[in-house]
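In the numbering used here, the protein residues as written are 40 to 182. Ideal Cβ placement from N, Cα and C applies to all residues, glycine included.
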């Protein structure tokens, strides 16, 4: 820290990394903010996540990406579909996964609250099932 109380980005590795992360994501954030809903409304299939793997690039958790989608114009249900049904469709596997339906494969995250009304509930993970087995419940991992 400097005498003024500000982080010294030249001598503080944590502050320097935060500054690099901000510079890395600011243009992407502005483009997302300004264009996401326009893109979505064209009818293009939107999927959550990224195949961007760059050394040193900060990670954007899926939950945060879904909250941005809602913030910039789509409903919570539409946002959840970008992480479930939409990728299954794009991969040609909609008859195997992507929905909670008898006979389909499913990994399930149970949250506290009504996710269809409030996307912030995505941060309230209660229970997680992978391959039909409970692997997490209220802070306890079973793996």
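Taking all protein chains shown into account, residue 127 has 16 or more neighbouring C-beta atoms within 10 Å of its C-beta and is therefore buried. Exclusion of the five residues before and after residue 109 leaves 115, 118 and 158 as the residues of its chain whose Cβ lies within less than 7 angstroms of its Cβ. Per DSSP, reduced to three states, the secondary structure at residue 132 is coil, with no helix or strand assignment. Nearest neighbour of residue 122 by Cα position, chosen from 67, 86 and 163, turns out to be 86. Separation of residue 57 and residue 50 (C-alpha to C-alpha, rounded to the nearest whole angstrom) is 13 angstroms.
Ranking 149, 172, 132 and 69 by CA distance to the CA of residue 165 puts 149 first. With respect to residue 160, residue 151 sits close: the two C-beta atoms are nearer than 9 angstroms. Per DSSP, residue 78 is not a residue of any beta strand (DSSP E); the alpha helix (DSSP H) it occupies stretches across 52-80.
Under DSSP, residue 109 forms no beta bridge with any residue.
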